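Numbering (the UniProt record's numbering), first residue to last: 1 to 391. For every residue, glycine included, the Cβ atom is placed at its ideal position computed from N, Cα and C. These figures come from a predicted structure and were not determined experimentally.
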Amino acid sequence: MSVPRLMLSSLAGAGRFCVLGSGAARWKSVRARNRRGLSDLHPQLSPSQGFRDSPSWLPKNRSEPRSYITNPKLATTLVQILQKENRNRHQLFLECNPGPGILTQALLESQAKVIALECNRTFLPHLQSLRKKVNRKLEVVHCDFFKLDPRNSGIVKPPIMLSETLFQNLGIEALPWSEDNPLTVVGIFPAKNEKKILWKLLYDLYSSTSIYSYGRVQLNMFIAEKEYEKLVADPQNNLYQPLSVLWQVACEIKLLHVEPWSSFSVYNQVGGPKKSKNKEPLEQINKQNMCFIQMTPLQNLFTENLTSVNYDIFFHMLKQCFMKRHATLMDHLQSLSPVNAVAILKEIEKDGDMKITDLYPEDFKLLFETIESFRESCRWLFDDCIEDIIL
């Protein structure tokens with residue numbers, strides 16, 4: 001059974017999109033004077049969150065340097081890859097922290113339409129200048145994509161924003177989960193906060209909140225090779241962990257390109273090149289790779305027994321399983337007192353003596369859905385979840 005998704009009615013204002021038959025989104029022709037300035041939005045209160053929210057994830061160092069694409073050849077290569085993956089020549093891209101706009105310009109030259117979210121004010125004048133040259137095919141917003149919808153932060157103001165405010169003022173409309181992705185996000189995960197951001201996005205994805213309240217938003221991101229290996233790890237890999245299971249259950253993950261770290265430029269908060277204080281040999285740093293990956297949410301992620309309401313129990317189950325990763329499947333099932341372990345093993349056709357972490361991501365999903373489908377298990381992890389929250 002599919003889970004209903006938020007559908008937004010037509011929003012007032014310009015710079016709007018209309019939903020095409022294919023599920024893509026495009027700007028309507030609207031007078032520019034009617035557009036509301038996104039860089040000057042008033043501060044807003046961030047909505048309070050419940051116990052299902054992710055942990056605090058905002059980086060403590062707000063002047064953290066970021067990596068940018070400054071190589072035109074790399075930008076051209078990425079555009080060619082994206083064109084091959086997305087057949088629509090007028091695809092809408094939301095670019096995270098474009099910096100000097102090298103990739104932005106390459107995307108525009110390919111007939112794509114771009115929303116540039118830049119957190120560093122230093123780059124805004126150049127991006128605004130580029131916008132004037134491309135006849136409304138580019139929107140520039142002072143915003144940090146990776147800080148959208150912060151948890152329990154009180155008042156927010158640019159570059160921190162609420163996705164609802166951002167998307168409504170850009171005229172982006174939600175699409176049902178069963179349809180195509182409403183827009184494509186492209187960028188680079190900040191190196192120091194990759195894992196925290198990945199967890200934050202997982203909570204947003206499974207709860208259908210933030211950007212995922214608008215549909216199956218596709219991410220095309222550069223990520224450190226070591227983090228990519230964790231995302232795609234399987235039971236035979238010692239990197240296998242809850243993060244691996246959750247992303248593989250939720251998304252189709254494709255490796256599109258591998259690029260050496262040395263191809264990117266690192267800038268600090270004032271826009272200048274970052275001078276590394278790291279004494280690690282330069283040649284060793286340059287051997288590190290960045291992986292350009294595509295993460296497309298699956299249409300069949302949500303089912304009758306895995307929903308945006310009970311997803312947190314699924315998260316909890318996985319964390320419990322990997323905390324005791326050498327225990328058997330039967331041991332874990334017997335620890336869930338209301339659960340009929342024998343009946344569940346028969347239903348999922350697994351051997352109770354197998355190690356719990358020998359289950360593949362799809363097996364964990366099936367295990368959870370099977371447990372949820374048994375009427376007697378309605379409180380099977382409730383007490384554990386509450387205990388964790390209190391502690």
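{"Item": "Coil, strand or helix - S178 by DSSP", "Value": "coil"}
{"Item": "Three-way DSSP call (helix, strand, coil) for E372 in this model", "Value": "helix"}
{"Item": "Continuous beta strand (DSSP E) assignments of at least 3 residues falling wholly in the segment 155-227", "Value": "184-188 and 218-224"}
{"Item": "Length of the line joining the Cα atoms of I102 and E109", "Value": "11 Å"}
{"Item": "Residue from K157, Y206, F93 and V156 whose Cα sits closest to the Cα of V309", "Value": "Y206"}
{"Item": "With 16 other Cβ atoms within 10 Å as the buried cut-off, status of Q248", "Value": "buried"}
{"Item": "Cβ-based burial, N97 [other Cβ within 10 Å; buried from 16]", "Value": "buried"}
{"Item": "Any 3 or more C-beta pairs closer than 8 Å across the segment 186-202 and the segment 166-175", "Value": "no"}
{"Item": "CB contact flag (F374, V339, <8 Å)", "Value": "yes"}
{"Item": "CA-to-CA distance, P182 to I160, given in whole angstroms", "Value": "22 Å"}
{"Item": "R66, enclosing alpha helix (DSSP H) - first and last residue", "Value": "That residue, R66, is in no alpha helix (DSSP H); its beta strand (DSSP E) goes R66 to I69."}
{"Item": "Spatial distance of C321 from D180 (CA atoms)", "Value": "34 Å"}
{"Item": "Selection from N71, K132, T122 and Q241 that minimises the alpha carbon distance to C143", "Value": "T122"}
{"Item": "Span of the alpha helix (DSSP H) around C321", "Value": "Y311 to M323"}
{"Item": "E118 - DSSP class collapsed to helix/strand/coil", "Value": "strand"}
{"Item": "Of the listed residues T209, E227, R131 and P361, nearest to residue 392 (C-alpha basis)", "Value": "Only positions 1 to 391 of the chain appear in this structure, which leaves residue 392 out of reach."}
{"Item": "Rounded separation between S265 and Q299 - CA only", "Value": "36 Å"}
{"Item": "Proximity of V140 and R131 at Cβ, strictly below 8 Å", "Value": "yes"}
{"Item": "Reduced DSSP category for E85 - H, G, I as helix; E, B as strand; rest coil", "Value": "helix"}
{"Item": "Counterpart residues of S265 in DSSP-defined beta bridges", "Value": "Y68"}
{"Item": "Proximity of T328 and I371 at Cβ, strictly below 8 Å", "Value": "no"}
{"Item": "Buried versus exposed call for S178 [16 or more other C-beta atoms within 10 Å across all chains shown]", "Value": "exposed"}
{"Item": "Close-in-space but distant-in-sequence residues of the same chain around V79 (CB under 7 Å, 5 per side omitted)", "Value": "A106, L107 and S110"}
{"Item": "Buried versus exposed call for R66 [16 or more other C-beta atoms within 10 Å across all chains shown]", "Value": "buried"}
{"Item": "Contacts around L345, its chain only, beta-carbon distance under 6 Å, and the 5 residues preceding and following it disregarded", "Value": "G352"}
{"Item": "L82 beta carbon less than 8 Å from that of N237", "Value": "no"}
{"Item": "CA-to-CA distance, M295 to D331, given in whole angstroms", "Value": "34 Å"}
{"Item": "Candidates K365, L359 and F145: closest to C251 by CA position", "Value": "K365"}
{"Item": "The alpha helix (DSSP H) enclosing V342, as first and last residue numbers", "Value": "A341 to I348"}
{"Item": "Residue burial classification, I293 (beta-carbon count within 10 angstroms, cutoff 16)", "Value": "buried"}
{"Item": "Best match in S163, K157 and L74 for proximity to L94 [C-alpha to C-alpha]", "Value": "S163"}
{"Item": "Inter-residue Cα distance where the pair is T76 and G215", "Value": "28 Å"}
{"Item": "Bridge partners - C251, DSSP secondary structure assignment", "Value": "P297"}
{"Item": "Option in G187, A224, D234 and P242 with minimal Cα separation from S262", "Value": "A224"}
{"Item": "Beta-carbon proximity list for A116, same chain, < 6 Å, skipping 5 on both sides", "Value": "E95, P98, T104, L127 and V140"}
{"Item": "Classification of E118 by the beta-carbon crowding that lies within 10 angstroms, buried from 16 upward", "Value": "buried"}
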